[in-house]
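S.K.: Numbering (full-length UniProt numbering), first residue to last: 1 to 839.
Positions of the beta carbon are idealized from the N, C-alpha and C atoms, including for glycine.
Remember, predicted model here, so these are calculated numbers, not experimental data.
Just dropping this structure here.
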Amino acid sequence: MEYFKSSLKSVLGSTPTEYEPSGADTVERLVDRLQSSTLLNDRRDACRALKALSRTYRVEVGAQGMDALRQILEMDRTDCEIIGLALDTLCNITDPKTFDEEVDKHGPANKIGEQFTEIFIKNTDSVGLVLALLEEFEFKVRWSALKLLMHLSTNRLKDIQEIILVSPMGVSKLMDLLSDSREVIRNDVLLLLIQLTKGNANIQKIVAFENAFDRIFDVIAQEGNADGGIVVEDCLLLMLNLLRGNISNQNFFKEGSYIQKLTPMFQIPSEIDDNPLSAWSSQKVSNVHCMVQVIRALVAPSGPAQAVANCQRIMRACGLLQALCNILMASGVPADVLTETINTVAEVIRGNTSNQEFLAGVMAPSSPPRPAIVVLLMSMVNEKQPFALRCSVLYCFQCFLYKNDMGQSQLIQTLLPQGNEVPTLTTGQLLCGGLFSTDSLSNWFSAVALSYALIDDNMQKEQLLRVLLATNIGKPPVTLMQQCVILLQQGNKTQCKLGLLMLLCRWIAHCLAAVKSFLLIDSSIAYLTALLSSQENNDDLQETLLQSMCAMLIGLCVHFNDNSVSNYTKEKLCNLIENRIGLERFQDAIGGLARHEVYSRTLKHPQPSAKNPSELLLDHEFCRLSKTLEGVIIKSVLDGSSLHRRNQIATPILPDSVLVSEYKEVIREQNSQIQKLNQLTESLVKEKHELEAQLQDLRLTIGHLKDQNLVLRAAQTNLLSEDSEFNNLTISENCTKEVEKYKNMITELENRLAEYALMMKERVSDFDRKLQEKSEELEKLKKDQEDLLELLTEQDSKIVLYKEKLIALGEKVETDESSVELDTDDQPESNNSRVDRVD
């Protein structure tokens with residue numbers, strides 16, 4: 001501190017001993033010296049003193065010296081020393097952290113750095129001045145400029161992103177620094193690019209097309225691939241930012257053959273098997289985590305199906321899938337690495353028949369050798385394994401069976417009698433063992449995994465009805481469905497019951513034979529209705545979900561009922577729901593499933609998102625099934641219930657009201673037609689919404705195609721401009737082919753755009769025509785009904801008038817109070833009320 005005091009005295013001159021200037025006074029005099037001095041050495045000394053004070057007196061230096069420091073960056077660019085001092089001072093002023101020296105003055109939670117950042121970037125040229133200084137090779141200037149940009153982007157990321165986007169060659173200047181031979185600068189620019197590419201697709205595209213992937217892979221190779229240090233992790237994080245959710249960059253990555261460059265990074269050295277624990281350092285674990293995240297960004301289920309399929313095919317062809325499977329089967333792999341690798345393999349094989357067959361053929365190096373799928377399922381039903389690992393195996397198994405008819409069939413076959421074959425541990429045996437174990441989590445996992453074999457495959461549902469299970473010695477075997485119902489009725493945990501209900505719902509949906517088998521099981525419906533009609537005010541989440549799923553299962557039995565079970569026909573089930581449960585409660589139970597936050601979270605992504613076992617309640621595929629069938633189930637129950645009420649109500653008909661009854665029948669028929677038209681209108685509106693959604697998807701696709709078109713044109717322009725720079729030399733054969741390739745791609749994109757536009761125009765015009773026709777038909781029926789109602793009203797009036805005349809003439813007229821009351825109620829107040837009373 002004494003050194004700083006002596007330095008300040010030399011800069012400011014001697015001061016009277018009786019006066020000690022405050023920090024603000026000192027800063028003010030230094031700033032004045034910085035602005036007014038004509039000697040470079042004086043300004044340099046003043047800037048050095050301000051830098052020394054900028055940590056303790058950050059507010060004073062920032063408030064009084066910001067403009068002066070900015071002026072230094074603009075006017076004194078030829079002197080690297082004063083530029084470096086000014087940049088360091090600005091770094092201290094805008095630092096997002098709190099300095100120890102200033103804690104006592106401003107408190108630990110201040111946002112001084114963010115406030116000064118806002119002031120600094122108000123002048124639009126300020127960031128441009130800093131970017132321009134990156135071209136200076138002097139270490140103290142380039143490194144300080146990088147640190148300042150990092151502070152600015154940390155404090156005001158979106159503002160800095162927009163400024164850099166419009167700055168000429170702003171991103172290019174940063175990308176050039178990746179080639180700097182000084183590692184500290186290269187590493188810091190990596191951190192800055194990670195920050196700038198967060199959530200900004202435009203910067204991501206520019207960075208990618210500035211040859212970022214080649215430079216990233218070069219740095220990774222220099223640092224030792226997966227065995228490298230934290231710089232490798234930074235490179236992978238940047239790569240992940242460029243790829244995640246950016247379709248354009250993913251296509252560029254795929255077409256540039258960069259997927260193939262990932263394969264060597266997953267090669268496991270042979271020494272790992274000799275000493276597995278020492279081979280997995282904490283940094284290598286972090287690196288592998290980032291590596292698999294890069295792969296998952298390319299094959300995420302939310303991505304375009306065709307693009308994902310292409311990446312999956314390349315990963316199989318270049319040996320990347322094989323390398324991932326080698327990690328799965330290796331010994332000594334940390335649990336978290338194994339978990340993420342399983343998740344990655346899951347998405348690499350999801351929906352890809354060739355990759356699914358490849359995984360089915362992978363054998364674990366065990367004694368005896370077993371299929372990798374069997375080994376994975378053994379981990380899933382083992383309650384000693386980590387929860388996250390078990391969830392990842394379920395996700396992998398779901399992806400293995402996704403759109404895999406052969407895999408679904410083979411799983412069901414392992415549950416059927418196999419003849420005299422040598423008994424081996426199969427996937428079906430493992431799932432049945434887990435289904436009937438004492439661990440409720442294993443019950444849930446096994447029930448859900450077994451349900452995956454039944455998705456969109458009624459044949460397998462019927463095959464599963466043949467499965468018989470041996471119970472106690474001396475007792476006859478029971479079917480798998482009977483055993484599931486027995487387990488459901490036992491005092492198992494709610495989590496187990498939820499898993500069984502999801503299996504049963506999947507089983508009987510769209511399968512009449514399964515519905516019949518379920519209804520023939522004693523007390524199956526009685527148990528569901530009893531559970532659903534109890535605990536009406538229960539606030540427990542699991543119990544609420546349990547009741548909702550019971551309602552869903554009963555509703556499926558109604559909707560897919562062929563009336564082959566006399567005790568539980570569709571009409572009788574609807575009567576049971578109405579009398580035992582109540583229509584309102586039944587609708588609330590089914591609709592309540594979609595209102596739970598756990599339902600919404602589960603529906604978003606196929607991978608289980610639960611953080612602990614108690615949160616694992618619903619499955620993604622079941623939520624999709626529920627969303628699809630909820631509406632039709634409620635409609636079937638309500639229609640069946642209305643039919644029952646109509647059959648029970650017998651309306652007396654007066655002898656002198658035959659004509660009135662005929663009108664009523666006509667109104668009933670027209671009301672039925674109106675209801676059908678309303679349903680048709682609803683379906684057309686739904687179809688319209690779906691078409692609008694498809695139109696939006698097509699517009700997004702067109703936008704992506706236009707982006708690719710622009711990129712290709714830019715690439716073509718770059719090729720032509722490079723040709724002119726080399727003194728108009730003849731374009732080489734390779735360049736000519738490349739240009740022709742881009743031209744062909746552009747033509748193809750334009751043709752696809754035209755096809756999309758024509759297709760949407762035809763679909764929309766056809767839909768409008770249908771909607772217009774149905775609307776006109778509905779209006780005509782409504783007019784006819786109004787005419788009939790007017791005639792009915794006139795007829796009723798005449799009947800009353802005739803009765804009064806007969807009474808006046810002394811004739812005896814028979815009357816019935818109930819009939820008169822019914823006639824009074826039948827007076828048409830309005831269209832809807834009239835129809836309701838007739839019904």
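1) For Asp76, report the span of its alpha helix (DSSP H) as first-last.
2) For Leu149 and Leu87, what's the separation of their Cα atoms in angstroms?
3) Assign Thr56 to one of three DSSP states: helix, strand, or coil.
4) Would you call Arg58 buried or exposed, if buried means 16 or more other Cβ atoms sit within 10 Å of its Cβ?
5) Can you tell me the Cα-Cα spacing of Lys158 and Phe397, whole angstroms?
6) Going by CA-CA distance only, name the one from Trp507, Asn492 and Cys484 that's closest to Asp522.
7) From this set, Ser641, Met406, Leu616 and Ala594, which residue's C-alpha is nearest Thr628's C-alpha?
8) If contacts are defined as beta-carbon pairs under 8 Å, then Val232 and Ile247 qualify, I think. What distance do you get, rounded to the angstrom?
9) Please classify Phe137 as buried or exposed, where buried requires at least 16 other C-beta atoms within 10 Å of its C-beta.
10) Alpha carbon to alpha carbon, what distance is there between Leu401 and His620?
11) Going by other Cβ atoms of all chains shown within 10 Å of its Cβ, with 16 needed for buried, is Lys97 buried or exposed?
12) Mind checking which residues open and close the alpha helix (DSSP H) that includes Asn472?
13) With distances taken Cα to Cα, identify the nearest neighbour of Ile486 among Ile525, Ile327 and Ser548.
14) To the nearest angstrom, how far is it from the Cα of Ile230 to the Cα of Asp218?
15) How big is the Cα-Cα spacing for Tyr19 and Lys173?
16) Quick one: grab the DSSP three-state call for Arg156.
17) On the three-pair Cβ rule with 8 Å, is the region 491-502 touching the region 467-483?
18) Spatial neighbours of Gly170 within its chain, please: CB distance less than 6 Å, with the 5 preceding and 5 following residues excluded, ordered by chain position.
19) Given this structure, state the Cα-to-Cα distance separating Ile554 from Gly491, to the nearest angstrom.
20) For Leu791, does the count of other Cβ atoms within 10 angstroms reach 16, so buried, or fall short, so exposed?
21) In the DSSP assignment, find the alpha helix (DSSP H) that holds Phe253 and state where it starts and stops.
22) For Arg43 versus Leu53, is the C-beta distance shorter than 8 Å?
23) Kindly give me the distance between the Cβ atoms of Leu73 and Leu146, rounded to whole angstroms, as I take these residues to be in contact under 8 Å.
24) Give the straight-line distance between the Cα atoms of Leu236 and Ala297, rounded to the nearest whole angstrom.
25) For Tyr568, which option in Leu616, Val515, His596 and Asp45 has the closest C-alpha, if you only look at C-alpha atoms?
26) Please identify the residue among Gln322, Met315 and Lys284 whose C-alpha is closest to the C-alpha of Val337.
27) Suppose you measure from the CA of Met378 to the CA of Leu501; what does that come to, to the nearest Å?
28) Below 7 Å CB to CB, which residues in the same chain sit around Thr427 once its five sequence neighbours on both sides are set aside?
29) Taking DSSP as the reference, what is the three-state secondary structure of Ala300?
30) Hey, Thr339 and Leu324: beta-carbon distance below 8 Å or not?
31) Could you tell me which of Ile295, Glu101 and Asn41 sits nearest to Asp79, measuring between CA atoms?
32) Only counting runs of 4 or more residues, tell me where the alpha helix (DSSP H) segments fall wholly within the region 397-440, in order along the chain.
33) Within the region 542-630, note down every full beta strand (DSSP E) run reaching 3 residues or more, in order along the chain.
34) Between the Cα of Asn225 and those of Gln250, Asn287 and Ser282, spot the shortest distance and give me the residue it belongs to.
35) Can the beta-carbon of Val598 be found less than 8 Å from the beta-carbon of Cys574?
36) What's the gap between the Cα of Leu468 and the Cα of Ile314?
M.R.: In short, the structure shows the following:
1) It is not in any alpha helix (DSSP H) - Asp76 carries neither H nor E in the DSSP assignment.
2) 10 Å
3) coil
4) buried
5) 41 Å
6) Cys484
7) Ala594
8) So it is not a contact: roughly 26 Å between Cβ atoms.
9) exposed
10) 14 Å
11) exposed
12) No alpha helix (DSSP H) holds Asn472; DSSP gives it neither H nor E.
13) Ile525
14) 15 Å
15) Any reading at Tyr19 is ruled out, since the residue's pLDDT is 49, under 50, leaving its predicted position unreliable.
16) coil
17) no
18) Leu131 and Ile164
19) 21 Å
20) exposed
21) Ile247 to Glu255
22) no
23) Not quite, the Cβ-Cβ distance comes to about 14 Å (not below 8 Å), so this is no contact.
24) 12 Å
25) Val515
26) Lys284
27) 23 Å
28) Ile373, Val374, Leu377, Leu411 and Thr414
29) coil
30) no
31) Asn41
32) 405-413 and 427-435
33) none
34) Asn287
35) no
36) 43 Å
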